[in-house]
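Report on the structure given below.
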Amino acid sequence: CRVMTGETLKAHDVADYLLSKVNLRIGDVMTPLAIQKLLYYAQGFHLAMHGGEALFPENVVAWTHGPVVIAVWSRFKKYEWRPIDPPDMYRADTIPPEQREILDAVYVNYGQFGAGKLESMTHEEPPWKNTPQNRVIPQTSLREYFSTLVEAARNGEEVPDRPPWPINSFRFQGRKAISASMAPYRERLRAAHAARAARVDA
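Here the sequence shown is numbered in my numbering, starting from 40 and rising by one per residue.
In structure tokens:
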């Protein structure tokens with residue numbers, strides 16, 4: 040089973056991962072309304088923590104009951120207000136660890152709330168409040184708002200009525216930055232190998 044990258048991850052993949060976290064044996068449930076709100080939080084925190092890079096390419100739209108990813112809404116609308124069945128035989132390791140730990144944090148910190156509470160929370164937040172109904176919530180708005188939550192967590196500050204973002208618990212979020220910083224070195228190394236190969240062939 041292939042491991043997905045940031046370029047191939049879709050909103051459906053994120054939804055499946057979040058649904059795979061649901062533990063029916065202890066009474067966990069995930070309704071269509073709740074999954075939409077967790078997708079919104081996942082996208083927002085990823086944008087904030089990855090320099091504006093989206094977790095998935097689909098738009099988040101401001102609907103009456105809060106933020107919605109329309110493709111995922113269409114997939115689960117048959118459930119109406121009932122809990123969604125978790126996926127069978129799901130492989131969580133198909134999603135890179137950088138994304139998994141953000142999704143885990145979203146599930147633990149925001150998945151603890153019921154769908155109604157999540158709806159009211161999103162209604163209080165600028166990305167939904169400042170976007171006209173049925174319009175796309177700009178990623179810049181998401182990044183700006185969620186960056187304030189990330190920064191508050193870094194400074195040890197509490198945000199009223201919001202769970203603290205566990206910024207100090209992440210292990211993998213710096214990997215992309217480290218990889219990017221190593222890119223010039225790798226390019227020089229490749230150039231040196233190419234030059235050496237050219238001398239040998241000559």
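From the three backbone atoms N, C-alpha and C, an ideal C-beta is built for every residue, glycine too.
Fair warning: this is a prediction, and the values are worked out from it, not measured in the lab.
Sequence-distant Cβ neighbours of Val68 in its own chain, meaning closer than 6 Å and more than five residues away, are Pro122. Rounded to whole angstroms, the separation of the alpha carbons of Lys117 and Ala81 is 23 Å. Val147: not part of any beta strand (DSSP E); member of the alpha helix (DSSP H) spanning 136-149, first to last residue. Here the C-alpha atom of Gly105 lies approximately 7 Å from the C-alpha atom of Trp167. Partner residues in a beta bridge of Gly83, as assigned by DSSP, do not exist. The residues Met43, Phe95, Thr133, Ile134, in chain order, have a CB closer than 8 Å to that of Asp52 in the same chain once the five nearest residues on each side in sequence are set aside. Secondary structure within the stretch 150-207: the alpha helix (DSSP H) runs of 4 or more consecutive residues, fully enclosed, are 154-162, 165-168, 178-193 (chain order).
Here Thr70 is buried, its C-beta having at least 16 other C-beta atoms within 10 Å.
DSSP links Gly66 through a beta bridge to no other residue. When the Cα atoms are used, Asn98 and Phe209 turn out to be separated by approximately 26 Å. The alpha-carbon separation between Arg182 and Trp120 amounts to approximately 29 Å. The Cβ atoms of Ala50 and Val145 do not sit closer than 9 Å to each other.
Distance from the CA of Asp127 to the CA of Leu57, rounded to the nearest whole angstrom, comes to 13 Å. When rounded, the separation of the alpha-carbon atoms in Pro202 and Gly150 is 11 Å. With contacts defined as CB atoms closer than 9 Å, Ile206 and Arg193 qualify as a contacting pair.
Exposure of Phe211 is indicated by the presence of fewer than 16 other C-beta atoms within 10 angstroms of its C-beta. Secondary structure remark: continuous beta strand (DSSP E) runs of at least 3 residues inside the stretch 70-130, in chain order: 100-102, 105-107.
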